[in-house]
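Visitor: The structure is given below, and queries will be raised subsequently.
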């Protein structure tokens, strides 16, 4: 991906933060094994500021959608506090293998590291960190595929993927916790669809939506999704940025 292509994925920009539509398969930061990352394009996302932006949170390499970046240290501190205190609402769309009996529910399973050799891989661990996910059925498709909205109330690594797998409906295309092969499959059917950030004291929370990626459209449509218009990004006002900095 070129810097220009990354800039074209900008969903929101103001004086404190950016929200980009991270493509599936792109890591958020540089790893020991190399490969493209969002960090490689930070200079293009600087927009004339003296310093490059920085990550305010993380998404898995294979998860697409809303990714928040802070534009300077004060903004990052403010965003970090909002994320830590659970003030930022996140909604993911997923296509899962299985058919939940209910229309909505909550998964509360503590999570811990799988083992010391598997890096970020996680498992249900009764002695692990408390982890809670709300879910809601948005549509049902053939072959027991289900379209879910997932809201993580905690922010554990791989939380949504482990919670769905442990509940009996792994996310389609998950090669770690689901049934997909490690290589050459349809891609993880998990998308950070919307994020709501209460960044400014005297303004409504900022709500940003990321369009459905190409690799998820077919399965979502089979579950009843009707498509969407791809709206452009919104540039926040200079007045709002000044207000937040005061």
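In the numbering used here, the protein residues as written are 230 to 475. Backbone N, C-alpha and C define an ideal beta-carbon position, used for all residues, glycine too.
When DSSP builds the beta bridges, which residues end up paired with residue 295?
Guide: Residue mapping note: residue 295 aligns to position 66 of the chain shown, counting from 1. In DSSP, residue 295 forms a bridge with 250.
Visitor: Look at the alpha carbon of residue 304 and the alpha carbon of residue 245, and state the distance between them as a whole number of angstroms.
Guide: Residue 304 sits at position 75 when you count from the first residue of the chain shown. Residue 245 sits at position 16 when you count from the first residue of the chain shown. Each residue's Cα considered, the two are about 5 Å apart.
Visitor: Based on Cα-Cα distance, which residue from 446, 312, 343, 363 lies nearest to residue 355?
Guide: Locating residue 355 in the chain shown gives position 126, counting from the first residue. The shortest Cα separation from residue 355 among 446, 312, 343, 363 belongs to 343.
Visitor: Quick check on DSSP: helix, strand or coil for residue 448?
Guide: Along the chain shown, one-based indexing puts residue 448 at 219. Helix at residue 448.
Visitor: If contacts are defined as beta-carbon pairs under 8 Å, then residue 441 and residue 295 qualify, I think. What distance do you get, rounded to the angstrom?
Guide: Taking the first residue of the chain shown as position 1, residue 441 is located at position 212. Taking the first residue of the chain shown as position 1, residue 295 is located at position 66. Actually they are not in contact, since the Cβ atoms of residue 441 and residue 295 sit about 12 Å apart, beyond 8 Å.
Visitor: Alpha carbons only, please: which of 378, 373, 366, 337 is nearest the one belonging to residue 358?
Guide: As a position in the chain shown, residue 358 is number 129, starting the count at 1. With distances taken between Cα atoms, residue 358 lies closest to 337.
Visitor: Give the DSSP-derived three-state secondary structure of residue 380 in the structure shown.
Guide: Counting from one through the chain shown, the residue named residue 380 turns up at place 151. Residue 380: strand per DSSP, three-state reduction.
Visitor: For residue 272 and residue 247, I'd like the C-alpha separation in whole angstroms.
Guide: As a position in the chain shown, residue 272 is number 43, starting the count at 1. As a position in the chain shown, residue 247 is number 18, starting the count at 1. So the alpha carbons of these two residues sit roughly 13 Å apart.
Visitor: Can you list, in chain order, the residues of its chain whose CB lies under 7 Å from that of residue 283, leaving out five sequence neighbours each side?
Guide: Residue mapping note: residue 283 aligns to position 54 of the chain shown, counting from 1. Same-chain partners within the cutoff: 298, 299, 305.
Visitor: When DSSP labels each residue in this structure, what does residue 305 get in the three-state scheme?
Guide: For the purposes of this step, residue 305 is taken as residue 76 along the chain shown, with counting starting at 1. Correct three-state label for residue 305: helix.
Visitor: Are the Cβ atoms of residue 455 and residue 323 separated by less than 8 Å?
Guide: Taking the chain shown and counting its residues from 1, the one referred to as residue 455 is at position 226. Taking the chain shown and counting its residues from 1, the one referred to as residue 323 is at position 94. Their beta carbons are not under 8 Å apart, which means residue 455 does not touch residue 323 by this criterion.
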